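Sequential numbering from 1 applies to the sequence shown in UniProt numbering. Below: one structure, written as C-alpha cells.
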Amino acid sequence: MSIATADKAVPVAPAAPTFAEAAGVWAKIGLLSFGGPAGQIALMHKELVEERRWIGEQRFLHALNYCMLLPGPEAQQLAIYIGWLLHRTAGGLVAGILFILPGAAVMLGLSILYVLYRQVALVEALFFGVKAAVLAVVVEAVLRIGRRALRNQMMVVVAAAAFVGLAVLRIPFPLIVLAAGLCGWIGSRRAPGLFASAGHSGSAEPDAEAVVDRMFERGELAHADPSWRRAARVLALWLPVWLGPVVLLWLAAGPAAIWTQIGGFFSLMAVVTFGGAYAVLAYVAQAAVDSFGWLAPGEMVDGLGLAETTPGPLILVLQFVGFLAAHRAPGGLDPLLAGCLGALLTVWVTFAPCFLWIFLGAPYVEALRGNRAISAALSAITAAVVGVVLNLALWFALHVVFREARTFDILGIGPDLPVLGTIDWRAAILAAAALIAMLRFRIGMIPTLAACALAGIGLGQLPA
C-alpha cells in the first residue's frame with residue numbers, strides 16, 4: 001500500500017515494533033557494531049531506516065546531527081534517541097544499554113586475560129603486532145577526519161593550533177575543546193562562511209513513511225514535547241544516577257582513593273569527549289600514564305588494540321584503563337575483583353551521562369535546527385579534533401616505534417622527542433605495512449589487526 005505524493009508513491013509505514021521486537025533489534029546491533037562510529041551508524045541506518053522503516057531518513061539525520069553536538073559516543077546516543085522516540089524512556093534505556101553491553105562484556109574478559117597472561121611470550125608477541133597496527137589505524141583516522149573537517153585554511157589553522165597546544169604547550173584537552181568551540185561561535189558572527197558546517201546531504205526523493213512519522217501524525221509522541229517541568233525531572237533523576245556513586249565514594253573513601261580518582265576523572269572525560277574516542281585518548285593516555293601512574297605507555301596502546309577488535313564504541317578503551325588502575329591498587333580486595341569493580345565504575349560514569357544528554361535535550365532538538373552559531377562551534381571543534389588525533393598518533397609512534405623518548409623542556413613547555421638510536425625496526429616495518437594495507441589496498445581494520453598480530457609472533461622473536 002502507498003500514498004501518492006507529488007507524483008511519487010510513498011509507501012505506508014509498517015506496523016510499530018513491540019518493545020520485545022525492538023529489544024531484539026538493539027541486541028543485534030550491539031553484537032554487530034564493529035568498525036567505529038561510521039560503521040555503527042551505517043548499520044543502524046540500514047536496519048532502522050532502509051529495512052525496517054522505523055524512522056525516516058531526514059529525522060534520522062537530524063537526530064544524528066544533534067548527537068554529534070554532544071560529548072560522548074554519537075552512535076550510542078543515536079541509538080538511545082531512536083529507542084526513546086519509539087518506546088519512551090524505557091526504550092531509550094534498552095537501546096543504549098544493549099548497544100554497549102556486548103562490547104563491555106568482551107572488553108572485561110579481555111582485560112582479565114590481559115593481566116593474567118600478558119607476560120606469556122606468545123601473548124607479548126601478539127600485542128607487539130597489534131600495537132604496530134593500532135598506530136596505522138590512528139594515522140588513517142587523522143587522514144579520514146582531516147579530509148572531512150579541513151575544508152578551508154581557517155580550519156587548517158584551528159587544527160594546527162590544537163596540535164601545538166597539546167604537543168608543545170601542553171594545554172589540557174578540555175581547554176582545547178572550549179577554545180575551539182568559542183572560536184567557531186565568534187567566527188559564525190564575524191566570518192560565517194569560514195565556519196559553516198558541511199552538514200549532511202539528503203536525498204531529494206520523498207521519505208517513505210516511517211513508524212515514527214506515523215506516531216507523530218497520530219499524536220503518539222507526547223513524550224517528545226519539551227517542557228521545563230519535564231527537564232527538571234530528568235535532571236533530578238539522572239544527575240544523581242550519574243554522579244551519585246562518585247559523591248558516595250568521595251565521602252566514604254576520601255579524594256585520594258583509587259575509586260574516587262577513577263570516578264572523578266572519567267566523569268570529567270564524559271563531558272569533554274567531543275570528536276570521538278581518538279580525540280580524547282591522547283589526554284587520557286597522558287593523564288593515566290604520567291599524572292596517575294595507572295599504566296605504562298605501551299599498555300595504553302594495548303588497550304586501544306583490544307577496543308578496536310570488540311563491538312561497541314571505541315571509548316570502551318577507558319574501561320580497560322579503569323580495570324588496570326583498580327587492579328594495581330586494590331585496597332585490600334582481590335586484584336581481579338578490584339579490577340572488575342574499577343571497570344564497572346568507569347563504564348557507569350562514562351555512559352550514564354549519554355542518557356542524560358538525550359532524555360534532557362532531545363525534546364528541544366527542533367530548536368537547534370539551523371542554528372548557525374552552534375553549527376560553527378561544532379565545525380571548529382571537529383577541525384581541532386584533527387590536531388588532537390595527530391597528537392595521539394605522535395604519542396603512539398613515540399612509544400611503539402621507539403624504545404625511548406625524551407621531553408624537550410623549556411620553562412615547562414616543549415614536545416616529547418624520540419631518541420633516534422632506539423628505533424625498533426620491527427615495529428616500524430609492521431606499522432608501515434599496516435598503513436599501506438589500509439590506505440593503498442583498502443583492507444579493513446579487523447583483518448589488518450589480525451594479520452599484524454600474527455606477524456608479531458614471528459617478528460617478536462627477532463632482535464630489535
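By construction, the Cβ of each residue, glycine as well, lies at the ideal position given by its N, Cα and C atoms. Source: prediction; values computed, not measured.
With distances taken Cα to Cα, identify the nearest neighbour of residue i among the options.
i, options, result
"R403", "I429, L150, W54 and I423", "I423"
"A376", "V130, H87, R189 and I145", "R189"
"G184", "L116, A90, F266 and V157", "V157"
"T273", "L70, V301 and M155", "L70"
"I315", "A343, R328 and H327", "A343"
"S227", "F359, H45 and L449", "F359"
"L116", "A253, H45, R328 and I436", "R328"
"residue 518", "L194, K131, R214 and R372", "Because residue 518 is not part of the residues shown, which for the chain are 1 to 464, the question remains open."
"V289", "F396, I443, L169 and Q153", "F396"
"A451", "T309, Q58 and G264", "T309"
"A179", "L449, P447 and A380", "A380"
"Q153", "G181, A133, A132 and A191", "A191"
"L249", "R118, F60, L345 and V123", "L345"
"M215", "M445, V12, A437 and L449", "V12"
"A104", "W84, L378 and G303", "G303"
"L378", "D334, V247 and L182", "L182"
"F265", "A252, A287 and A253", "A287"
"A257", "L237, A132 and W294", "W294"
Does DSSP put residue i in a helix, a strand or coil?
i, result
"I423", "strand"
"L237", "helix"
"L454", "helix"
"E205", "Residue confidence for E205 is low, a pLDDT of 44 falling below 50, so the modelled location carries little weight; the figure read from the coordinates is stated next. Reduced to three states, the DSSP call for E205 is coil."
"R170", "coil"
"I443", "coil"
"P418", "strand"
"F195", "coil"
"L462", "coil"
"T407", "strand"
Determine whether the Cβ of residue i lies closer than 9 Å to any Cβ atom of chain D.
i, result
"F320", "Among the protein chains of the structure shown there is no chain D, as only one such chain exists."
My understanding is that residue i touches residue j, with C-beta atoms under 8 Å, so please give their C-beta distance in whole angstroms.
i, j, result
"R53", "P14", "6 Å"
"residue 466", "E47", "Nothing about residue 466 can be read from this structure; the chain reaches only from 1 to 464."
"A338", "G331", "7 Å"
"V349", "W242", "7 Å"
"A405", "L417", "7 Å"
"V301", "Q319", "16 Å between Cβ atoms; not a contact."
"A453", "V212", "So it is not a contact: roughly 42 Å between Cβ atoms."
"L78", "I112", "Not really, about 30 Å apart at Cβ, beyond 8 Å."
"P245", "G263", "6 Å"
"A23", "V94", "5 Å"
"A437", "I446", "Contact doesn't hold; Cβ gap of about 12 Å is too wide."
Return yes when the C-beta of residue i is under 8 Å from any heavy atom of the ligand FAD, and no when it is not.
i, result
"L324", "This structure does not include the ligand FAD; it has no bound ligands of any sort."
Any alpha helix (DSSP H) of 4 or more consecutive residues that is wholly inside the stretch 22-91: 36-44 and 57-69
contact_flag[the stretch 152-169, the stretch 377-388] where n(CB pairs < 8 Å) is 3 or more: yes
contact_flag[the stretch 389-403, the stretch 135-144] where n(CB pairs < 8 Å) is 3 or more: yes
Inter-stretch contact (C-beta, 8 Å, three-pair minimum) for the stretch 217-231 and the stretch 411-422: no
Those runs of the alpha helix (DSSP H) which lie wholly inside the stretch 244-329 and span at least 4 residues: 258-272, 277-286, 297-308 and 317-327
Touching by the beta-carbon criterion (3+ pairs, under 8 Å), the stretch 69-89 and the stretch 342-357: yes
The stretch 21-33 contacting the stretch 94-107, beta-carbon criterion three pairs below 8 Å: yes
The stretch 399-415 / the stretch 426-438 touching (three or more Cβ pairs under 8 Å): yes
Touching by the beta-carbon criterion (3+ pairs, under 8 Å), the stretch 166-178 and the stretch 282-301: yes
Cβ contact (3+ pairs, closer than 8 Å) linking the stretch 304-318 and the stretch 226-241: no
Alpha helix (DSSP H) runs contained entirely in the stretch 136-188, provided each spans 4 or more residues: 153-167
The stretch 430-439 in contact with the stretch 452-460 per 3-pair CB rule at 8 Å: yes
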